[in-house]
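Participant: Numbering-wise (our numbering), the sequence shown opens with residue 103 and increments by one.
C-beta: ideal position from N, C-alpha, C; glycine also.
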Amino acid sequence: MYSSYKNPHATLKCLVGISPTGAITFLSEVYEGSISDKDIFVKSGLADLLEPGDLVIADRGFLIKDVLMSRRVDLNIPSFLAGRDRLTPQEEIMTKRIARVRIHVERAIERMKKFKIIGTTLPLSLKPVASEVVHIIGFLVNYQTPLVK
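#1: Do you know offhand how far PRO230's Cα is from ASP141's?
#2: Three or more beta-carbon pairs under 8 Å between the segment 206-214 and the segment 224-243, yes or no?
#3: Quick one, which of ILE120, PHE143, CYS116, ILE238 has its alpha-carbon nearest TYR133's?
#4: Report the CB separation of THR56 from SER172 in whole angstroms; it is logged as a contact under 8 Å.
#5: Please look up how many angstroms separate the CB atoms of THR123 and VAL250, rounded, as I've assumed it's under 8 Å.
#6: Helix, strand or coil for LEU114 per DSSP?
#7: Less than 8 Å between C-beta atoms, sequence neighbours within five positions excluded: which residues of the same chain meet that for GLY119?
#8: So, using beta-carbon positions, are ARG204 and ILE166 closer together than 8 Å?
#9: Taking the CB atoms as reference points, tell me whether SER233 and GLU131 lie closer together than 8 Å.
#10: Do VAL169 and VAL144 have their C-beta atoms closer together than 8 Å?
#11: Out of PRO154, GLY135, THR247, state which residue places its alpha-carbon closest to the alpha-carbon of ARG209.
#12: According to DSSP, which residues form a beta bridge with LEU157?
#13: Counting only the same chain and skipping the five closest in sequence on each side, list residues whose C-beta sits under 8 Å from that of PRO154.
#14: Within 10 angstroms of the Cβ of MET103, are there 16 or more other Cβ atoms? Answer buried if so, exposed if not.
#15: State the start and end residues of the unbroken alpha helix (DSSP H) segment that holds THR127.
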């Protein structure tokens with residue numbers, strides 16, 4: 103069989119949920135990189151685990167507001183200027199709060215990426231077990247020194 107597809111490396115991605123203490127609390131299955139973040143969120147089943155009054159912090163491009171509103175779950179997204187010179191004082195405070203939590207998300211993901219098997223190109227032969235590999239790494243990261251003291 104011949105394929106004219108030039109790039110043998112496909113991007114894989116998953117949804118990572120982090121608790122306020124920095125622990126990895128949710129890992130979705132791994133999906134091909136062409137899937138949208140919203141589709142991963144919906145397919146992952148994470149929305150089914152959320153309860154009314156829960157708070158989700160996400161990036162601006164994470165378009166899940168409609169899914170969360172129907173479940174009465176709050177969504178907190180960093181403010182952006184959108185043509186203004188500066189944020190309002192309230193937006194500035196909230197953005198700083200989000201940034202303090204967001205750093206733990208970034209640090210947890212960086213810890214996962216330090217595992218060579220997912221920090222570099224994953225061999226195509228491991229694609230069928232990529233979700234299991236990511237889940238095991240998530241468990242191992244949780245056994246490291248806590249991110250938040």
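Facilitator: On the basis of the coordinates in this document:
#1: 20 Å
#2: yes
#3: CYS116
#4: Residue 56 lies beyond the residue range present for the chain, which begins at 103 and ends at 251; the question has no answer from this structure.
#5: 5 Å
#6: strand
#7: ILE126, THR127, PHE128, LEU129, LEU148
#8: no
#9: yes
#10: yes
#11: THR247
#12: ASP176
#13: ARG173, ARG174, VAL175
#14: Reliability of the predicted coordinates at MET103 is poor, the pLDDT of 30 falling under 50, and the value obtained from them is presented with this limitation in mind. MET103 comes out exposed.
#15: Counting along the chain, THR127 falls outside any alpha helix (DSSP H), though it belongs to the beta strand (DSSP E) covering 126-129.
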